[in-house]
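*Asks:* Next up is a structure, given as structure tokens.
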Amino acid sequence: MIHKISKLHEEINNLKADNAGELESLRIKYLSKKGEIAQLMNEFRTIASEHKREIGQRLNHLKEVAHDKLSEMKELFAHEDSASGQHDLTRTPYPIPLGSRHPLQIVQKEICDTFARLGFHIAEGPEVEDDWHVFSALNFPDNHPARDMQDTFFVNNPSGTIVLRTHTSSVQTRTMETQQPPIRIICPGRVYRNEAISYRAHCFFHQVEALYIDRHVSFADLRQVLIFFAKEMFGQETQIRLRPSYFPFTEPSAEMDITCLLCGGKGCPFCKHTGWVEILGCGMVHPNVLENCGIDSNTFTGYALGMGIERITNLKYRVTDLRLFSENDIQFLQQFESAH
Ligand code: DAH
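If you want our numbering, it's the position in the sequence shown, counting the first as 1, plus 95.
Take a look at the structure:
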């Protein structure tokens, strides 16, 4: 018996397993109810009583050694998850969690794609701009309220003429300065205004601007593009309405309303019972703007339009608190899935 115990002892000390499966077979071989150690325990009952003490101690020690050895080996394979110890390469993989696009990006892309189908190209410009491109070239008089400290973030520099752009119309100016007509661009981007942050205003937001300059461009062309855009974006039943307005860089200027998406034009609290909701500003590019940018206003005319992406997103998705767009709340963002 003593001989058997020491033989097993040596065997156990030298155990090796290549994977968790092999280890499990070893456990069964030595430590299961019918395993080698259990068999020795059975034999132990028949041992003469004068040897019981010594052999009993040795047996118990052997059992401990076997337990320790196997659990030490088990730790090595702890990362293996299948009993066979083989990785199943045919197993269906866990789905990789994909992020979703930001709702403003989804809507911005939809707007840009709609204009791209009409031949507009994307143009971009800097967010930190000079006074000329944001205001002066766009025919803002020196004392125009938009230049006021209340609206514009001024960047601290000695000349005092660097600002965070308050609208993407600055990209119009940059493009017209460097290209001759025909110009057909769509300019998405972030803009900044010195506003107190609330559910309906933020110090930064996003706009898309469109500009078309060529020979013989008329207000009728603008109107046609607006109708196309409204129907593509909000559905074929959507109607538009143009109201006269004022912007320094367009003459004539207009604001465009669409029929309220909620009530279809009948009137509801969302549209303040008018049946219409405002979505963008537009007009024929002012001759002064063309001349400021080096384009002959006797030969060329053009239209421009600009809209807030947050506003369009609110209309499409009913996000009523603007702050949600910049809070990075995963629960909010995960609701927006897009195929793009
Ligand atoms: N830039 C204007 C704004 O920020 C929006 C706008 C109005 C753009 C009329 C235009 C336009 O191009 O023609 O409020």
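Here a beta-carbon is modelled for each residue, glycine too, at the ideal position from N, C-alpha and C. Everything numeric in this text was worked out from a predicted model, so none of it was measured.
Just to check my reading of the structure: residue 329 and residue 281 have Cβ atoms closer than 8 Å, yes? What is that Cβ distance to the nearest angstrom?
*Replies:* Rounded, the Cβ-Cβ distance is 18 Å, inconsistent with contact.
*Asks:* Identify which residue in 105, 343, 429 has its Cα closest to the Cα of residue 230.
*Replies:* Here the closest residue by C-alpha is 343.
*Asks:* Check the C-beta distance from residue 161 over to residue 107 and give it rounded, since I have them as a contact under 8 Å.
*Replies:* Yes, residue 161 and residue 107 are in contact; Cβ-Cβ is about 5 Å, under 8 Å.
*Asks:* Cβ of residue 232 within 7 Å of any heavy atom in the ligand GTP?
*Replies:* The ligand GTP is absent from the structure shown, which contains only the ligand DAH.
*Asks:* Can you tell me the Cα-Cα spacing of residue 130 and residue 118, whole angstroms?
*Replies:* Rounded to the nearest angstrom, the two C-alpha atoms are 14 Å apart.
*Asks:* Counting Cβ pairs, one atom from each stretch, are 3 or more of them under 8 Å apart for the segment 296–309 and the segment 394–404?
*Replies:* The answer is yes - the segment 394–404 touches the segment 296–309, with three or more Cβ pairs under 8 Å.
*Asks:* Taking the alpha carbon of residue 392 as the point to measure from, which residue in 413, 315, 276 has its own alpha carbon closest?
*Replies:* Checking every option, the nearest Cα to that of residue 392 belongs to 276.
*Asks:* Hey, how far is the Cα of residue 194 from the Cα of residue 279?
*Replies:* Residue 194 and residue 279: Cα-Cα distance of roughly 33 Å.
*Asks:* Among 287, 157, 166, which one has its Cα closest to the Cα of residue 221?
*Replies:* Ranking the options by Cα distance to residue 221, first place goes to 287.
*Asks:* Buried or exposed: which applies to residue 405, given that a residue is buried once 16 or more other Cβ atoms fall within 10 Å of its Cβ?
*Replies:* By the 10 Å Cβ count, residue 405 comes out buried.
*Asks:* Alpha carbon to alpha carbon, how far is residue 219 from residue 225? Give it in angstroms, no decimals.
*Replies:* Approximately 15 Å, taken between the alpha carbons.
*Asks:* Does the beta-carbon distance from residue 428 to residue 377 come in below 8 Å?
*Replies:* Taking 8 Å as the Cβ cut-off, residue 428 and residue 377 do not qualify as a contacting pair.
*Asks:* Out of 289, 300, 385, which has the shortest C-alpha to C-alpha gap to residue 310?
*Replies:* Residue 310 has its Cα closest to that of 385, out of 289, 300, 385.
*Asks:* Suppose you measure from the CA of residue 151 to the CA of residue 166; what does that come to, to the nearest Å?
*Replies:* So the two alpha carbons sit approximately 23 Å from each other.
*Asks:* Along the chain, where does the beta strand (DSSP E) that runs through residue 352 open and close?
*Replies:* 345–354 is the span of the beta strand (DSSP E), which, as asked, contains residue 352.
*Asks:* Less than 8 Å separating the beta-carbons of residue 437 and residue 110?
*Replies:* Outside the shown range of the chain, which is 96 to 435, sits residue 437, and nothing can be said about it.
*Asks:* Taking the straight line between their C-alpha atoms, what separation do you get for residue 335 and residue 206?
*Replies:* So the two alpha carbons sit approximately 17 Å from each other.
*Asks:* Which residue wins for smallest C-alpha separation from residue 372, given the options 333, 141, 380?
*Replies:* If we check each option's Cα against that of residue 372, 333 comes out closest.
*Asks:* At the level of alpha carbons, what is the spacing between residue 389 and residue 265?
*Replies:* Distance between the alpha carbons of residue 389 and residue 265: 15 Å.
*Asks:* Taking the beta strand (DSSP E) that residue 285 belongs to, which residues open and close that run?
*Replies:* Taken as a continuous stretch (DSSP letters only), the beta strand (DSSP E) holding residue 285 covers 278–287.
*Asks:* Between the segment 337–356 and the segment 234–244, can you find at least three pairs of beta-carbon atoms closer than 8 Å?
*Replies:* The segment 234–244 is in contact with the segment 337–356.
*Asks:* Taking the beta strand (DSSP E) that residue 125 belongs to, which residues open and close that run?
*Replies:* Premise fails: residue 125 lies in the alpha helix (DSSP H), 115–126, not in any beta strand (DSSP E).
*Asks:* How far does the alpha helix (DSSP H) with residue 228 in it reach, from first residue to last?
*Replies:* That run of the alpha helix (DSSP H) goes 226–229.
*Asks:* Reducing DSSP to helix, strand and coil, say where residue 96 ends up.
*Replies:* The answer is coil: DSSP assigns residue 96 none of H, G, I, E or B.
*Asks:* Under 7 Å Cβ to Cβ from residue 158, same chain only, skipping five residues before and after it: list those, please.
*Replies:* Excluding positions up to five away in sequence, the list reads 132.
*Asks:* Which residue's Cα is closest to the Cα of residue 379: 403, 365, 422, 315?
*Replies:* Measuring from the Cα of residue 379, the nearest candidate turns out to be 315.
*Asks:* From this set, 112, 136, 358, 185, which residue's C-alpha is nearest residue 164's C-alpha?
*Replies:* Nearest of 112, 136, 358, 185 to residue 164, Cα basis: 112.
*Asks:* From residue 192 to residue 362, what does the alpha carbon distance come to, in whole angstroms?
*Replies:* If I take the Cα positions, the gap works out to 42 Å.
*Asks:* In terms of residues, what are the limits of the alpha helix (DSSP H) holding residue 166?
*Replies:* Here the alpha helix (DSSP H) through residue 166 covers 144–171.
*Asks:* I'd like the list of long-range same chain contacts for residue 154, defined as Cβ closer than 7 Å, with 5 residues on each side in sequence excluded.
*Replies:* If we look at residue 154 and ignore the five residues flanking it on each side, its Cβ neighbours are 100, 135, 136, 139.
*Asks:* Rounding to the nearest angstrom, what Cα-Cα distance links residue 326 and residue 364 in this structure?
*Replies:* The straight-line gap from Cα to Cα measures roughly 23 Å.
*Asks:* According to DSSP, what are the bridge partners of residue 216?
*Replies:* Answer is 280, bridged to residue 216.
*Asks:* How would you label residue 366, buried or exposed, when you count the other beta carbons within 10 angstroms and need 16 or more for buried?
*Replies:* With 16 or more other Cβ atoms within 10 Å, it is buried.
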